[in-house]
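S.K.: Quick mapping for you: the protein sequence lines, in order, are chains A and B. When you number the first sequence by this note's numbering, it's gap-free, plus one each residue, and the end is 750. When you number the second sequence by this note's numbering, it's gap-free, plus one each residue, and the end is 1898.
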Amino acid sequence: MSRKIKINQGLDRNQNLGGSDIYRKFNTQFEHLINNPEVMWNKNKEVFEAVYIKDEDFEKQIETFRNSVMSMTKLCTGYTGIGKTTAIMHCFGLWNGDAAYSNIERKELIFPNFLDNLQAEQLEDISLSERLSAVCTKLEREYPDLKEFIVTDEGKREFFDFIEQHTGYILENVNPIEAMDMGEVELIRWKLKGAHTKFPYEFEANRLKFYIKKKYNVYRRLIILLDGIEIYPEERQIELIAKYLKLQGCMQNTDYPENGEYSVNLLIMVRPHFNRFLNMKRNLEAFAINELTIVKKKEVDLSAIFQKRFGYYSDQNIFHDESQRDSYTALMQINNNFDEKYRERILRLCFWNVRKALTSYARILANRYWVQQNKEIQGSFTIRPCEYRFDNISVFRALACDEERVFFGDHNTIIPNLLFTTEEEDLSIYCLLTLRYYYKKRGYDEYGIHAEKQIKVRREWQKILGIDVANKFLKAQEYLYDHHMIVQSLKTGYETAAHYGKEYITDESRLYISICGNELYEMLGEDSVLLEMFREDVWRDYENRDDYSKFPSSELMEQSKQEVIFLDLLEYISYLREMEEDVLSIVKNLNRIEEYNLVFGDTLIVQMLLDGVKKSIECSGKIDIVKEKLDVVNYILERTTGKIWNGWR
Amino acid sequence: MKVMIKINERFERKQELGESDSYRKFSEEFDNLFNAEEVAKNKREFESMYVSDDDFEAQIQKFLKSERNKIKFCVGYTGIGKTTSIRHYFDLGVSNEVYMNEKEKELVFPTFLDPYQKGDMRGFDLSSRVASVCSFLEKKYNELRDLMKTEQGKLELHHFIEAYSPEILEHGNPVKEMNMDTHEWVRSRLNYAYEYDPLIFHINRLKFYIKKKYDEIQRFVIILDDIETLPENCQGDTIQQYLQMHHCICKTDYTGNDHYSVKLLISVRPHTYRLLSQEQKQKYAVVPQNAITKKKLIDLNVFFKKRFDYYTKIVQRTIGNKSTWDECYDALMDMSRTFDGQYKEMIQSLCFWNIRESLASYSRIFANRFWVQKNMTKESSFKVSALDYSFNNINVIRALACNEEQVFWGDDNCIIPNIFYTTEQEDYSIYCLLTLRYFWNMKGYDDYGINAEKLKKIKGDWEEIFGMDVAKKFVTALTFLFQKKVLRKSIIDFDDVKTIDKPESLNDDSLLYISPRGNELYHMFSRDSVLLEMLRESAWRDYENRPYYSTKSSYELMRDSRQIDIFKDLLEYIHYFCDMEQIIMSSVKVRGKWKEYKTSFTSKPITFNLLEGVKNSLDYSGIIYREDMNSLYQQMESQIMEIEKRYYRDE
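Here's what the structure looks like:
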């Protein structure tokens, strides 16, 4: 009689936010070091520059771009959250978001367009005419003589003549019969008004060009920046790019002073490799985008971020020196405790997003249950390093479980449960194999550009696994997709909140393993931490098992029964091995082992789980206690391997 | 049991962008030299940078000099320089505005739609544009403006409209009009005419002005360009508006000015022309004919020289120092000169003569670290000595095709796509090669496919020569090559916006020709072995019982100083093709269709071309002098000669 339960079933949720002593004591300091509110909310050059981390390579590329002899369009790429926008803000001196900025020293007028600042309702229709008008108004404010000039009849006449030379047709939105009888001044005013009513974009573009012409001694370059378009679906991004490319072309078409210099540079921030799609788009064919793309390559150095921020707050004397130093030391301690690998790991689990990674740091620091070893809260704070554990178990538990003592695999955690089980059904092995399938296909294909269409994947699975098993893989795939372990390729368009969900997987979709899915897959073979957590959130049959096997890791550790965790993991691996063997037997019967090897690999996936568990056993020093069981599992895995692959590899 | 493997399968994509030291050092200069933007700021600079195209200019001249009213389409690939040549010919420079060429007595009304916004399409208003020509004339000839201020002038305009478009004057209230005096009546009727149909009103106004000045205007030229920047569903309507405008402007009696003519020149890309032809055919059963085509490649050396001079002599502000510019320019010229200047034309052809894309390709070559700078480790100092770079055929073509990857992937958006269609189950490579040859052999290089034959006829020929089953394989190969843009639809074909560029757009009436890219790729096979080497890395092949080296990429073998093994595998590959070709030829012989085959597919095996390319590379590398290699080569050559003798000469 099957008796399926989940270890975390029925356990009370803690749902508390963390409160380690170190975080309680240095709450304010950590808040500043991690979230940097001064920079977030206070657009101020000094603050911004004090915490900005230089990226010489990137800045040099931008410098070359803004020194172009003639007008130029370039794309700029870098992973989401890598700090493109921050670096751009630094390079161009933009402390006020979307407001235009005059760099008098360099004779540049910067026109930034950070679209990710927009509200949902503004996204639908980005009015370039209003944005251009805002730049004109800024120029009028900066140079009152411009405003005074345009108020006069002479000013209007000059402006009229200017438009006539560039886009004369916009001035024709008037009744010609009435126009025949008008005096010149009246006609000019009337025609300008008509132009603004019917052709606001052309009108404002001319107005800006006219103002720049009037200030040739001040401006020699207009720099248009387009950032944040990645929030849009691919087709919309293309449209937006076309719109700004056209604006750049339009701004270039102006009167140049004799032997003078004036150029219009357009910099468009896009996701990596997006540029490869641009040349396939017919509506962009006619535009000139310069090779090569400016790339923000430098890896994010979290230590440097903390160091800069620490330096800034020390200079500001915002905190008591000692507490400031202690909090910094604690932060650097976890930072140093993680070698390079862990720092990068957190970044990858956060999809390279620095902001999200910093939040994860805060969650680790604030974790009492796992990091401060569940120490009882007292009036005084204990911040002795020996009371804190920053090893990979406590760190990843803190990330995955927060203050819970078991793993619940919540949807919003950065570490979801990769194994899909219900009381009736167990698709764990299909999830693992699906993940391996995509892992093998991925290579370093960060955005799934070369991902295959679902129709092809499905046919391949049906061929190798038969229709029934393939259907289970498809179900596992949907589950992994729902948990963002498998995502839509850049080629099928970007995911937006509105377009996320398994119903958007169609035959034409191209899916690939996400950077986070890739990371979790690799973690499975490195130690037992993930498997331990997943074991607490899967439906399993515990009939004829001893009671301890139903205990969560935290409880077993408290009772000094760590070996029971390992024994149960070995048992679990044996169980998954049986399921994997069932799949492989079907493949073998279909005579498709060769194809299976190519796409799913020619080893047991559970072997990888066993390798991870073995490493943890070795580290724990419990090898003698679990050796017997380990040998048995080893043996049955070898036997299965031999049975399936003998003669095939 | 077959062991089907693709060499590139076990590699991971790097997707990196190149960064050779040379590019790092000269980034400013290269960025400017390869700048895809128009760099001229005024007419003088525009003319100093223009690279002439006599053939195109002669075609336009012929069109203009005809005394009849005429409409012509000007067709050319994207980025080939249509707009630039038109601007030059009509003396427009960088201006978009109406222009009066007094010497030629030519009034030019250009419409360059480049700064147009999709969202503003509803605002596209031809009447405003025509009105702007009227305003231009009023400004130029003050007497016109003075005349229109008078009641007499308005009356004359009224009479003029009455003669050509009287219906637009009839939208006022006739009862009210009965009580008006003449002046009031004229003004009211003109007002209604304008409100009812502003376009026709302004066209009449323009014709009226021209008539008034027809001693000074002999030709009115309307130019419509950059139509592709409009949404696809608006392009046809916009062109239709211009065609109607032309018709309406022509419909005038210019007594006393027999030489006066109205010309409409519409510049489009080939696919737009096909879409338009389809639309025209559907709506009016009329198809535009005898387009002016832009065929000539611009000489990139001349182009670079002009740019170099511009940046170093014309621009006031000197960027960097002159010696750096000189060094950079020398490097560029060195590359261009290699192989008798073949690269520049090869790159342009692979880019469908698109200058912007060609410039981007130059950038990619110079910035390539993996192939061009020999995958040198990046250091803080720049190594720009010529010895550190290799601009030979292997590296340049690899840089173009692979970027920084060490194997060929043949992506669709790459200028050198994979043209061997293989799957784990099937291999259509030989059909792809023969299809390529068929198109080359039947028509040679046919500009824009003007002489292309219908697909129905081609299929018929193939069915006759090969029988249904094999012919189907050729059609599969043809469809694949069409998707890779190696074969393109002729400009005299039709297209539908819903299926454009897709295999569904092909039907029995389709007219296909070998594109500049296809032509170049075809010739690359016999030039050297690079293309075959690359294609081998992305093709599914059976590696059962093959030596270890056969699954290695060229780069791996070169790195291990095993270049000889690349050639061994290529000869093995040619051997395989030879067998496949022979099977096809045997079946043709059995069917008694050898003569037809020879006519359609030339008089020697396609594998000859492949072997010729490998031979050239063997000679170049010196490996041909190795006894073992020489003997392998001789064997392969004898085998092909034997086939040739058996199939061709005996015949």
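The beta carbon of each residue, even a glycine, is placed where N, CA and C say it ideally should be. Owing to the predicted nature of the structure, the values given are computational and were not obtained by experimental measurement.
1. For a contact meaning CB atoms closer than 7 Å, what does H1414 of chain B contact in chain A?
2. Taking C-alpha atoms, which residue in B:S1800, B:L1858, B:S1808, B:T1476 lies nearest to C1825 of chain B?
3. Taking the alpha carbon of M1781 of chain B as the point to measure from, which residue in B:R1611, B:T1798, B:R1291 has its own alpha carbon closest?
4. Mind listing the chain A neighbours of S1274 of chain B? Cutoff is C-beta to C-beta under 7 Å, in chain order.
5. Which residues in chain B have a C-beta closer than 8 Å to the C-beta of T174 of chain A? List them in chain order.
6. Taking F1729 of chain B as the query, report the chain A residues whose CB atoms sit under 7 Å from its CB, ordered along the chain.
7. According to the neighbour-count rule (16 or more other Cβ atoms, all chains shown, within 10 Å of its Cβ), is S1885 of chain B buried or exposed?
8. Hey, does E1592 of chain B have any beta-carbon neighbour from chain A nearer than 8 Å?
9. Is the shortest distance between the beta-carbon of Q555 of chain A and the beta-carbons of chain B less than 8 Å?
10. Could you tell me whether the Cβ of V733 of chain A comes closer than 8 Å to any Cβ of chain B?
11. Let me know if E1314 of chain B comes out buried or exposed under the rule of 16 or more other beta-carbons within 10 Å of its beta-carbon.
12. Along the segment 1324-1349 of chain B, what residues have a CB closer than 8 Å to any CB found in chain A?
13. Taking the alpha-carbon positions, what's the F1320 of chain B to E1284 of chain B distance?
14. Go to V1355 of chain B, then tell me how far its alpha helix (DSSP H) extends in each direction, as first and last residue.
15. Do K1249 of chain B and E1791 of chain B have their C-beta atoms within less than 8 Å of each other?
16. Measuring alpha carbon to alpha carbon, tell me which residue in A:K716, A:V252, A:D569, A:L326 is nearest I163 of chain A.
17. With H133 of chain A and R410 of chain A assumed to form a contact (beta carbons below 8 Å), what rounded beta-carbon distance in angstroms separates them?
18. Per DSSP, what kind of secondary structure is Q589 of chain A in: helix, strand or coil?
19. Please go through the same chain and pick out, in chain order, the residues whose beta-carbon is closer than 6 Å to the beta-carbon of Y1443 of chain B, but skip the five residues on each side of it.
20. Pull the bridge partners of S1514 of chain B from the DSSP assignment, please.
21. If we define contact as Cβ-Cβ less than 8 Å, is M1781 of chain B a contact residue for chain A?
22. Hey, would you say S1608 of chain B sits closer than 8 Å to L1647 of chain B, going by beta carbons?
23. State the DSSP-derived secondary structure class of D527 of chain A, mapped to helix, strand or coil.
24. Apart from the five residues on each side of it in sequence, which residues of its chain come closer than 6 Å, Cβ to Cβ, to W1432 of chain B?
25. Going by C-alpha to C-alpha distance, which of A:N276, A:V319, A:F300 sits closest to P1445 of chain B?
26. Give the residues of chain B in contact with Q589 of chain A, contact being defined as C-beta atoms less than 9 Å apart.
27. Throw me the rounded Cβ distance for the I108 of chain A and E637 of chain A pair, which I believe falls under 8 Å.
28. Could you tell me which residues DSSP puts in a beta bridge with S77 of chain A?
29. If you draw a straight line from the alpha carbon of E1403 of chain B to that of Y1520 of chain B, how long is it in whole angstroms?
30. Just curious, the beta strand (DSSP E) that T178 of chain A is in, first and last residue?
31. Out of A:V714, A:K728, A:L738, state which residue places its alpha-carbon closest to the alpha-carbon of E681 of chain A.
32. Taking its Cβ as the centre, do 16 or more other Cβ atoms sit within 10 Å of T1358 of chain B, making it buried, or is it exposed?
33. Below 6 Å CB to CB, which residues in the same chain sit around S675 of chain A once its five sequence neighbours on both sides are set aside?
34. I'd like to check one pair, M1883 of chain B with I1821 of chain B: are the Cβ atoms closer than 8 Å?
35. Please confirm if P277 of chain A has its CB atom under 8 Å from at least one CB of chain B.
36. Can you pull the chain A neighbours of R1616 of chain B, defined as C-beta to C-beta under 7 Å?
M.R.: This is what the structure gives:
1. For clarity, residue 1414 of chain B is Glu in the given sequence; the question names His instead. Neighbours of E1414 of chain B on chain A: none; closest Cβ ~18 Å, over 7 Å.
2. B:L1858
3. B:T1798
4. T165
5. A1283, E1284
6. Simply none; closest approach about 16 Å.
7. exposed
8. no
9. no
10. no
11. exposed
12. T1325, G1326, V1341, S1342, N1343, E1344, V1345
13. 25 Å
14. Not the alpha helix (DSSP H): V1355 of chain B falls in the beta strand (DSSP E), residues 1353-1359.
15. yes
16. A:L326
17. 7 Å
18. strand
19. I1415, H1418
20. B:C1321
21. no
22. yes
23. strand
24. E1424
25. A:N276
26. Result: empty, since nearest Cβ-Cβ is about 18 Å, beyond 9 Å.
27. 4 Å
28. For residue 77 of chain A there is no data in the structure shown, the boundaries of chain A being 102 and 750.
29. 41 Å
30. 173-178
31. A:L738
32. buried
33. V734
34. yes
35. yes
36. None at all; the shortest Cβ gap to chain A is about 11 Å.
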